Each structure stands twice: as C-alpha cells, then as structure tokens.
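Heads up: the structure comes next, in structure tokens.
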Amino acid sequence: MTQIALVLADWAFLDAGVDPGEAPDYDIGIVTASSSGGFEFGQRELQALWSKGSRYVSSYQSFAWFYAVNSGQISIRNGLRGPSGVLVVDQAGGLEAVAQARRRIRSGRPMMMSGAVDASLCSWGWVAQLAGGGLSTEDDPARGYLPFDERARGHVPGEGGALLVLEDAEHARAREAPLVYGEIAGYGATMDPKPGSGRHPGVRRAVELALDDAGVVAEQVDVVFADAAGVPGLDRSEAEAIGKVFGPRGVPVTAPKTMTGRLNSGGAPLDLALAFLSMRDGVIPPTVNVRPAHEYDLDLVTGEPRQIPVRTAVVIFRGRGGFNAAMVVRAPAA
Amino acid sequence: MSANEFTLDDLKRILREGAGFEDSDVTAAEVGDTSFKDLGYESIALLEISLRIEREYDVALDDAYLVDSRTPNELVDTVNEVLRAGHNS
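Sequence lines, in order, name chains A and B. Residue numbers are given in the numbering used here: position 334 of the first sequence equals residue 334, and the series is strictly consecutive. Residues are numbered in the numbering used here as their position in the second sequence, beginning at 1, plus a constant of 1000.
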C-alpha cells in the first residue's frame, strides 16, 4: 500500500516539474487520508505473532500499520519538512485531506502534496469490511456494484488512489509550472444529524457550502462525480440532494468508481484527478453496468463516455458515520 | 540454531532479509567499516536486525550493544563476544 503511495508521489512530483530536494526547507508539506493503514502487512505480522511468537513480529509493524504511514514515508523519502498530517474520515477522507492542504497553502505554505492510497484487500481486510456491512455479495462482476440502480445491493471494494501536488497560484506562476490541471475552488463539509431526529442528511448542505465557497452557482457546474454508495437508502438521499441543488436531471452525474470499486480514502483524490482530466480532455467518464432507476431523476452518464466541455466539476464523498464532503474544482483560467 | 561464529556475511544476509540492502556507492570492501547511518540503516532497521540475530543465534543483545556498534564490523565483533561469553558460562 505504501509502496504504491511512494511511487505515486514520485510520479506526481515529476508531473509537476518539482524536485523536492531542490526546494527550500519547510516549503513542502504533505497531508494524506487513510481508512485502514497497512492491513496486509499487519495481517502477516499477526500471523507471525500467533504462529511463531512475538519475537517474530517485524519492528516495522510499529509504523507500517498506522494511518499516517504514507504521509510519514513520503515525507521522509522526499525530505518534505513542511506541515504534515493525516485525516481519517472513511471515504470522505480524501476530500478532507485536500481541503486541509488548501488551508495550509492559504496560510502561507507554497506547496503541499495531498491525496490518499488505500489498499486493504487481504483476508483480514475482507473480514473487517464484510462485518461492517455495505459490501456486495453478488458473484457476477457486471452486477456487483450498481449505484442508483434499483438492483443496488452494496459496493465492491478496490485498492489504490491518487496523489496531487497542490501549489499556491502565484508560486506556480513564478516558477513557470509546466502543467496546471486546475484549481481547488470550493469546499464544504457537514455531519449527518443523529439518526431518528427527523432532520435531513447533510450531503445537500455540503454541496451548497462548496458552491458558495467557490462563488459558483449550480448552473455553472458541468458534471457531478457522485459518492454513489450503491446502497438504496444512501443512493436515494444523494440523488435527492443533487436534484434539490441542480434541479431534476439538471446536471450530468457520473460514478466512474463503478470501474474501479470504492477505494476507501483513495477514491476521492482519484475522482478529483478524473475531474481535472475530464476538463483537459472534454469528456466525462461513464458509470458502467448501471441502469439508472427513474425515481432518482438523475442524468447519469452511462454506456459511453460523454464528450462535452467541462470547466467546473463537483465531487461528492460521504463517510461511514455521517460524514459528508463536497469539493468544487475548476479548469485553469484560459 | 546456535553458531560458533558470526561473520560479516551473516550480518549482510540478515541486513538484506530484515531491512533491505540497496546497492550504494559503498564498495563491498568498505561496507564493514561504514557507519550504519551512512549505509542508510536507522533505529528501526537496527532494532529489526537485532531481533533477527537474537532469534537466529539464540542470544540476548542488550540495546546498548546496538547504540555502541557504529559499523557492521563493530556489531559482528560485539555479537561474537556475546556468543563466546555464552559458551564459556
């Protein structure tokens, strides 16, 4: 899991035309998200503990297991001595981490690496996720994960994520940054009300806060990358929120995570990357296998990718326990 | 398994198994006298190495030995001292 994260960090810096070794001390920080830390590593050490004894548990377990391992190892490897941290907010974590990175840049840090990689598919990881509920038990891959479909019965987990180099705009201009994908324009986060209180879920408010923060009105949004939990109650509440903000079938909605599975904290940074690429290439990646249920009144992009210009995108993610997060991203100024 | 002698090659093997052993600018001849720090082995790597030596050679290595052994050759000498002390008692 951390191996993937280290490679992604290398590639991201390369893509951004940044040599972290050349940057002034404390100029670059890192904040990532995580949902599970090093599960596969931990499983092996647990097996060693119970089969051979404590003398056979690796010393590296001391940090391989924990949520901050990617922030830690990436910062050590690249000499990132700016502020660092990790956020644990289930599937919403990736957006929260990028929002935190943006806060750091706004308070004076020229550059932050952010995003997340989660990889927990091992026996132990499966057991933990099955016990938590929400996983599909479908055998046919074409029917495994069907958000906004009346056949929705849970999601399929995957492994991976994305890392992004965030930079103060002026700093990027001054160094003549070779590649700018876009801007983190707005952010909103809410908690759901206590179950049984009769109050509405907080996802609509998170989207409205993000739009407000970005100074953007609903009509300006070209695509929504949905959380797409794939569980009927959650699909309904998300579809309702999107309908209230954008109007019935008021904006193209997509869930390319139907192609990768839900990546825990890695899902949101990946959707952010996909949003930026959809702006670059003028194409919205589709939601696969899904036959959208009419009751949701969503303009879901299914079947083929949809070729339209994209300048403004909204990304929505929710986390277990009632976390809602939404982010508005915008194409670079023309 | 107990052995009579612990060699630099034994240590290199354990370094490789326990903490990875990257090709570096240091030649094979120089490794023995290059500090662990310069070889890229920090405290957790040394903890792991110590754990492996302990269970493979059935010895107890005091934490002080790790702190005092600056280079691979010094650690080899220390381990051999402990092994010899064990056989003499």
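By construction, the Cβ of each residue, glycine as well, lies at the ideal position given by its N, Cα and C atoms. Predicted model, so just to flag it, every value in this text is computed and none were measured.
Short CB-CB distance (under 8 Å) between residue i and chain A
i         : result
B/Ser1069 : no
B/Ser1002 : In this prediction, B/Ser1002 scores a pLDDT of 49, lower than 50, which makes its location untrustworthy; no coordinate-derived value is stated.
B/Glu1048 : yes
B/Arg1055 : yes
B/Leu1075 : no
B/Ile1051 : According to the sequence displayed, residue 1051 of chain B carries Leu and not Ile. Answer yes: the Cβ-Cβ gap between B/Leu1051 and chain A drops below 8 Å somewhere.
B/Ser1089 : Note that B/Ser1089 has pLDDT 45, beneath the 50 cutoff, so the model's placement of it is unreliable and the number below is only indicative. With 8 Å as the cut-off, B/Ser1089 does not count as an interface residue toward chain A.
B/Ile1044 : yes
B/Val1082 : no
B/Glu1005 : no
Nearest candidate by alpha-carbon position, reference residue i, set the options
i         : options                                   : result
A/Gly321  : A/Pro195, A/Gln129 and A/Ala162           : A/Pro195
A/Val315  : A/Tyr296, A/Val253, A/Arg55 and A/Arg236  : A/Val253
A/Gly133  : A/Arg151, A/Asp140, A/Gly85 and A/Pro157  : A/Pro157
A/Gly282  : A/Ala325, A/Ala331 and A/Ala268           : A/Ala331
A/Gly160  : A/Ala325, A/Glu208, A/Met1 and A/Ala64    : A/Met1
A/Ala177  : A/Ala206, A/Gly17, A/Val7 and A/Val86     : A/Gly17
A/Phe317  : A/Ala99, A/Lys244 and A/Met113            : A/Ala99
A/Ala226  : A/His200, A/Gln73 and A/Pro285            : A/Pro285
A/Gly37   : A/Ala116, A/Ala101 and A/Asn78            : A/Ala116
A/Val31   : A/Ala228, A/Ala275, A/Leu166 and A/Asn264 : A/Leu166
B/Asp1058 : B/Gly1086, B/Leu1075 and B/Phe1036        : B/Gly1086
A/Ala5    : A/Pro147, A/Arg44 and A/Asn70             : A/Asn70
A/Arg77   : A/Glu304, A/Ala333, A/Phe13 and A/Ser62   : A/Phe13
A/Gly82   : A/Ala68, A/Asp90 and A/Met111             : A/Met111
A/Arg306  : A/Glu295, A/Phe323, A/Tyr296 and A/Val251 : A/Val251
Presumed contact (8 Å Cβ cut-off) between residue i and residue j, rounded CB distance
i         : j         : result
A/Leu270  : A/Val329  : Contact doesn't hold; Cβ gap of about 13 Å is too wide.
A/Val203  : A/Glu170  : Their Cβ separation, rounded to whole angstroms, is 34 Å, which puts A/Val203 and A/Glu170 out of contact at 8 Å.
B/Tyr1041 : B/Ala1019 : 6 Å
A/Thr287  : A/Pro256  : 7 Å
A/Asp168  : A/Ile74   : That pair is no contact at about 20 Å.
A/Trp65   : A/Gly42   : 5 Å
Residue i at chain B interface by Cβ criterion, 8 Å
i       : result
A/Gly37 : no
A/Arg81 : no
A/Ser62 : yes
A/Val7  : no
A/Arg55 : yes
A/Ser58 : yes
A/Met1  : no
Residues that DSSP places opposite residue i in a beta bridge
i        : result
A/Glu183 : A/Arg330
A/Phe317 : A/Ala325
A/Met1   : In the DSSP output, where bridge partners are listed per residue, A/Met1 has none listed.
A/Ala162 : A/Ala116
A/Pro157 : A/Arg262
A/Glu167 : A/Met111
A/Pro31  : Per the sequence shown, residue 31 of chain A should be read as Val rather than Pro. The partner list for A/Val31 (beta bridge, DSSP) reads A/Gly85 and A/Ser114.
A/Gly188 : A/Ala326
A/Thr312 : A/Arg330
Cβ-heavy atom distance, residue i to the ligand HEM, below 7 Å
i       : result
A/Glu96 : Among the components modelled here there is no ligand, and therefore nothing to report on the ligand HEM.
Checklist entry - Which ranges would you report for the alpha helix (DSSP H) in the stretch 250-309 of chain A if only whole runs of at least 4 residues count? => result 267-281
Item to check | Within the stretch 1018-1052 of chain B, ranges of the alpha helix (DSSP H) (whole runs, at least 4 residues) | outcome: 1028-1031 and 1036-1039
Checklist entry - Of all the alpha helix (DSSP H) runs that stay within the bounds of the stretch 89-152 of chain A, which reach a length of 4 or more residues? => result 93-106 and 123-132
Checklist entry - Can you give, in chain order, each stretch of the alpha helix (DSSP H) that sits fully within the stretch 52-88 of chain A and has at least 4 residues? => result 61-64 and 69-78
Checklist entry - Which residue spans inside the stretch 180-247 of chain A form an unbroken beta strand (DSSP E) run of at least 3? => result 183-191 and 223-225
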